[in-house]
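Chains as they are written, first to last, in this note's numbering: chain A, 1 to 145; chain B, 1 to 145.
Glycine is no exception: its CB is placed at the ideal position from the N, C-alpha and C atoms.
Protein chains: 2
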Amino acid sequence: MDKKDLFNQFVAFTTAVHQVTHELTQNVKIDNITPVQYKILEYIKVSQPVTPTEISDCQHMSLPNTSRELRKLQERKFIEKISDTEDRRKHYVCLTKTGEKIMEDAFACIEERFQQLIQYSSKKDLEDIHNALNILDEKVFNTKS
Amino acid sequence: MDKKDLFNQFVAFTTAVHQVTHELTQNVKIDNITPVQYKILEYIKVSQPVTPTEISDCQHMSLPNTSRELRKLQERKFIEKISDTEDRRKHYVCLTKTGEKIMEDAFACIEERFQQLIQYSSKKDLEDIHNALNILDEKVFNTKS
DNA sequence: TCCATTACTTATCATTTGATAATAAAATAA
DNA sequence: TTATTTTATTATCAAATGATAAGTAATGGA
């Protein structure tokens with residue numbers, strides 16, 4: 001296994017992943033929500049409660065810009081902020097009922113397309129996919145260094 | 001293998017892929033180039049020659065906006081356009097010597113970080129990664145429907 | 001107590017990106 | 001030939017995003 005070849009394969013693979021991700025998410029259409037705002041909601045959905053600082057770090061955006069987008073999302077009642085009782089500088093961000101609803105719809109929409117993608121896969125195929133995901137996750141993509 | 005579980009695993013996996021992709025590319029710093037322009041150059045690099053229409057389709061941007069960014073890249077002598085001798089409406093976009101140079105540097109930088117990522121992988125690990133990439137590519141990400 | 005640090009916010013400005021209308025030139029179909 | 005379609009461009013405007021300065025409030029250490 002030549003490491004150079006593996007790199008080329010890796011590049012082609014990540015390109016394909018980005019392509020498929022785009023296809024799966026492209027028909028998720030939340031009214032008047034920007035891509036950055038959607039990304040933030042998605043992150044909150046899977047990681048809540050989170051602080052603005054955590055969002056800022058994970059989404060690679062400055063804290064002031066994060067704060068601005070969170071304010072917009074809060075104004076639209078998609079999220080709410082609760083201050084920490086221990087450290088009152090900290091705020092915990094959560095989805096509201098409305099926010100949960102739209103994100104569940106969004107995920108349902110994505111899952112539907114995903115299920116289409118694997119609709120003709122055999123039981124063995126699904127096992128193979130599962131194992132392959134595990135291997136890559138463990139050996140390449142989740143090496144918390 | 002529950003398909004719902006597989007979806008959840010898939011979501012976590014694609015998130016990790018995006019995260020790692022970001023880490024690998026973040027220190028590629030080409031002077032005064034915007035993210036969109038970099039994406040275009042990357043696409044040209046691996047697919048040249050390409051037409052503006054193809055770039056427009058693959059990068060999910062309108063033809064006018066594609067044209068604008070290509071003009072900027074051409075002004076900076078990173079790309080050049082050659083019109084088709086058969087169909088003179090068509091233009092083929094290629095990297096110039098300068099363009100090739102900066103993209104080779106960019107890829108070298110990414111590859112260096114990738115090699116760090118797998119530096120402690122055994123021969124068997126590399127084989128496993130290679131096989132896993134193949135399986136996912138074949139069974140999930142390259143189902144040209 | 002005083003000072004430095006942390007978490008977050010507000011405000012502002014520049015740049016990037018997206019959307020759309022209008023145009024031109026070449027190819028193709030009627 | 002004329003009309004239609006395709007490919008690409010230019011121009012313009014709006015919106016999204018990024019960068020930075022300044023400020024507030026709470027915390028924690030000296």
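CB contact below 8 Å: N27(B) versus chain A
Working through the second sequence from its first residue, we reach residue 27(B) at position 27. Cβ-Cβ to chain A under 8 Å: no for N27(B).
Is the beta carbon of T51(B) sitting closer than 8 Å to the one on K90(B)?
In the second sequence, the residue the question calls residue 51(B) occupies position 51. In the second sequence, the residue the question calls residue 90(B) occupies position 90. Taking 8 Å as the Cβ cut-off, T51(B) and K90(B) qualify as a contacting pair.
What are the start and end residues of each continuous beta strand (DSSP E) run of 3 or more residues lying completely inside the stretch 15-85 of chain A, in chain order?
Assignment of beta strand (DSSP E) within the stretch 15-85 of chain A, counting only whole runs of 3 or more residues, yields 79-83 in chain order.
CA-to-CA distance, P49(A) to K77(A), given in whole angstroms:
Counted from its first residue, the first sequence places residue 77(A) at position 77. Counted from its first residue, the first sequence places residue 49(A) at position 49. The straight-line gap from Cα to Cα measures roughly 16 Å.
Would you mind reading off the limits of the alpha helix (DSSP H) that contains R113(B)?
Taking the first residue of the second sequence as position 1, residue 113(B) is located at position 113. Boundaries of the alpha helix (DSSP H) harbouring R113(B): 97-117, taken from the DSSP string.
Under a CB-based cut-off of 8 Å, is H91(B) close to chain A?
Taking the first residue of the second sequence as position 1, residue 91(B) is located at position 91. For H91(B), the closest Cβ of chain A is not nearer than 8 Å.
Would you say A132(B) lies against chain A (beta-carbon separation less than 8 Å)?
Within the second sequence, numbered from 1, the residue matching residue 132(B) stands at position 132. A132(B) counts as touching chain A.
Going along the stretch 55-77 of chain A in order, which residues come within less than 9 Å of chain B, judged by CB to CB distance?
Residues of the stretch 55-77 of chain A with a C-beta less than 9 Å from any C-beta of chain B: C58, H60, listed in chain order.
Distance between beta carbons of H22(B) and H22(A), contact taken as under 8 Å
By one-based count along the first sequence, residue 22(A) stands at place 22. By one-based count along the second sequence, residue 22(B) stands at place 22. 16 Å between Cβ atoms; not a contact.
Straight-line gap, Y38(A) to T96(B) (C-alpha atoms, nearest Å)
Counting from 1 along the first sequence, the entry for residue 38(A) is found at position 38. Counting from 1 along the second sequence, the entry for residue 96(B) is found at position 96. In a straight line, the C-alpha of Y38(A) is about 37 Å away from that of T96(B).
Can you find at least 3 beta carbon pairs, one from the stretch 10-25 of chain A and one from the stretch 103-117 of chain A, that sit closer than 8 Å?
Three or more beta-carbon pairs drawn from the stretch 10-25 of chain A and the stretch 103-117 of chain A are found closer than 8 Å, and the two stretches are therefore classed as touching.
Starting from E127(B) and walking both ways along the alpha helix (DSSP H), at which residues does that stretch end?
Start at 1 with the first residue of the second sequence, and residue 127(B) comes out as number 127. Counted as a single uninterrupted DSSP element, the alpha helix (DSSP H) harbouring E127(B) occupies residues 123-136.
Per-residue contacts from V20(A) into chain B (C-beta, under 9 Å)
Numbered from its first residue, the first sequence carries residue 20(A) at position 20. Under the 9 Å cutoff, chain B gives T14, V140, F141, N142, T143.
Is the CB of L136(A) under 8 Å away from at least one CB in chain B?
Stepping through the first sequence from its first residue, residue 136(A) is reached at position 136. Judged by the 8 Å Cβ criterion, L136(A) is in contact with chain B.
Contact criterion: CB-CB distance below 8 Å. Does Q115(A) meet it with respect to chain B?
Translated into the one-based positions of the first sequence, residue 115(A) becomes position 115. Judged by the 8 Å Cβ criterion, Q115(A) is in contact with chain B.
Would the beta-carbon of I40(A) fall within 8 Å of that of L63(A)?
As a working mapping, residue 40(A) is identified with position 40 in the first sequence. As a working mapping, residue 63(A) is identified with position 63 in the first sequence. Not in contact: I40(A) and L63(A) (Cβ atoms no closer than 8 Å).
Under 8 Å between C-beta atoms, does I102(B) make it to chain A?
Position 102 of the second sequence, counted from the start, is the residue given in the question as residue 102(B). Chain A contact via Cβ: absent.
Measure from the alpha carbon of D128(B) to the alpha carbon of each residue in E111(A), I110(A), S83(A), A132(A), then state which is nearest.
Taking the first residue of the second sequence as position 1, residue 128(B) is located at position 128. Nearest of E111(A), I110(A), S83(A), A132(A) to D128(B), Cα basis: A132(A).
Cut-off 6 Å between Cβ atoms - residues of its own chain near S83(A), not counting five sequence neighbours on either side
Taking the first residue of the first sequence as position 1, residue 83(A) is located at position 83. For S83(A), where only same-chain residues beyond five positions count, the Cβ hits under 6 Å are H91.
Within a Cβ cutoff of 8 Å, which residues of the same chain sit near L126(B), ignoring the five residues on either side of it in sequence?
In the second sequence, the residue the question calls residue 126(B) occupies position 126. Same-chain partners within the cutoff: I118.
How long is the line joining the alpha carbons of K29(B) and K101(B), rounded to whole angstroms?
As a working mapping, residue 29(B) is identified with position 29 in the second sequence. As a working mapping, residue 101(B) is identified with position 101 in the second sequence. In a straight line, the C-alpha of K29(B) is about 14 Å away from that of K101(B).
Considering only C-alpha positions, which residue in the set G99(A), T85(A), K3(A), C109(A) is nearest to Q26(A)?
Along the first sequence, read from residue 1 onward, the residue named residue 26(A) stands at position 26. Each of G99(A), T85(A), K3(A), C109(A) was checked against the Cα of Q26(A), and the nearest Cα belongs to C109(A).
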